[in-house]
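Everything below concerns the one structure shown next.
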Amino acid sequence: LVGGGVLTLPEMIAKFTAGPCEVLGLPHGTLKEGAPGDVTILDPEREITVDPDAFESNGRNTPFAGWKLKGCAVATVVGGDVRMSRLEGEMKISAQEALTP
C-alpha cells in the first residue's frame, strides 16, 4: 500500500492501529511515559515470502501463501515484553530488565 503510493506511511500506521480501535469503540494505545509498552517495529524495505508454517499464530489459512511482499513486522513488544522478534543479532530482554541499573 505504501510502496504502491496508495497510502503514506503515517496513513497506513493510523489505519492499522488507531483506526480499527475507533471503529470497534475500543481505546487505543499511545507512546508516552507510564503507558503500556505496546509497540510493533516495522521494516518497510524487508522482503518476505508468505509462509503459513512460519506464522506466529496457530491460524494457517491464507490466500497469500507464497506471495512475495515488501515490508514486515520485525518485532512486537506487548506490555514492555518482546513477544516476537526477527531482529538479527539483537539481545531480547524485557523493558524492565533494560531499565534496571
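Count along the sequence shown from 1, then add 14; that gives the number in this note's numbering. Ideal Cβ positions, reconstructed from N, Cα and C, are used throughout, including at glycine. It should be emphasised that the depicted structure is a prediction, and the values quoted were computed from it without experimental measurement.
Enclosing alpha helix (DSSP H) for residue i [first to last residue]
i          : result
residue 23 : 23 to 30
Spatial distance of residue i from residue j (CA atoms)
i           : j          : result
residue 60  : residue 84 : 6 Å
residue 82  : residue 16 : 15 Å
residue 66  : residue 39 : 31 Å
residue 115 : residue 42 : Because the pLDDT of residue 115 is 48, which lies under 50, any placement of that residue in the model is unreliable, and the number read from its coordinates should be weighed accordingly. Taking the straight line joining both Cα atoms gives about 31 Å.
residue 32  : residue 78 : 25 Å
residue 26  : residue 20 : 9 Å
residue 54  : residue 68 : 18 Å
Expected contact under 8 Å - CB spacing of residue i and residue j to nearest Å
i          : j           : result
residue 92 : residue 57  : Their Cβ separation, rounded to whole angstroms, is 19 Å, which puts residue 92 and residue 57 out of contact at 8 Å.
residue 89 : residue 101 : 6 Å
Legend entry - In chain order, each alpha helix (DSSP H) run of at least 4 residues that lies wholly inside the segment 16 to 103: Uninterrupted alpha helix (DSSP H) stretches at least 4 residues long and entirely within the segment 16 to 103 occur at 23 to 30, 32 to 38, given in chain order.
Legend entry - At least three beta-carbon pairs within less than 8 Å, the segment 72 to 86 to the segment 44 to 55: no
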